[in-house]
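The structure appears right after this line, and notes come after that.
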Amino acid sequence: MRASAEGALRLTWAAGEGQQRATLRGSAVLAVGNAVVSCLRVPTLTDRLKTRGLGIDLVQLEDLGVHQQDVVASSGLAGLEVVDRRRAGVILDGRPPATLARTLLDDYLAPLLETS
């Protein structure tokens, strides 16, 4: 989650096999978790009994000094895009396996081992 220069909120989240991004303007309520909605935790009976007497504070826009037409005019989904998760790769084929293994070690793995 990151604020953009024009005051919008830029979100990135995991979705299916990759990631998605959205840009939101205006007010937003976000739920953050590491599970899909169908896997979210359901309150236990103990949790429900602990909170049954608690009230809910209702806050109106006017209580915050905000007018509804201002919120509607400045809110909305400004953009939605899929994040490209493809990775670069090199296909080694057409040579004997021993030669391919040596090429893989010398050209790709040895530089990684030297830097660590």
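Residues 8 to 123 in our numbering are what the sequence shown lists, from first letter to last.
Just so it is clear, CB atoms sit at the ideal spot from N, CA and C, and this is done for glycine as well.
Keep in mind it's a predicted model, so treat the numbers as computed, not measured.
Exposure of Leu61 is indicated by the presence of fewer than 16 other C-beta atoms within 10 angstroms of its C-beta. Residue burial is scored here from C-beta neighbours: Ala15 has at least 16 other C-beta atoms within 10 angstroms and is therefore classed as buried.
Following the DSSP letters along the chain, one finds Leu71 in no alpha helix (DSSP H), marked with neither H nor E. Around the beta carbon of Leu31, 16 or more other beta carbons lie within 10 angstroms, which makes this residue buried. In this structure, Arg28 lies near Glu88, with their beta-carbon atoms less than 8 Å apart.
In terms of Cα proximity to Arg94, the closest of Trp20, Ala108 and Gly25 is Gly25. Between Leu99 and Leu112, the gap from beta carbon to beta carbon reaches 8 Å or more. Contact annotation, Val78 with Gly23: C-beta distance approximately 31 Å; criterion of less than 8 Å not satisfied.
In this structure, His74 keeps its C-beta atom at 8 Å or more from the C-beta atom of Leu65.
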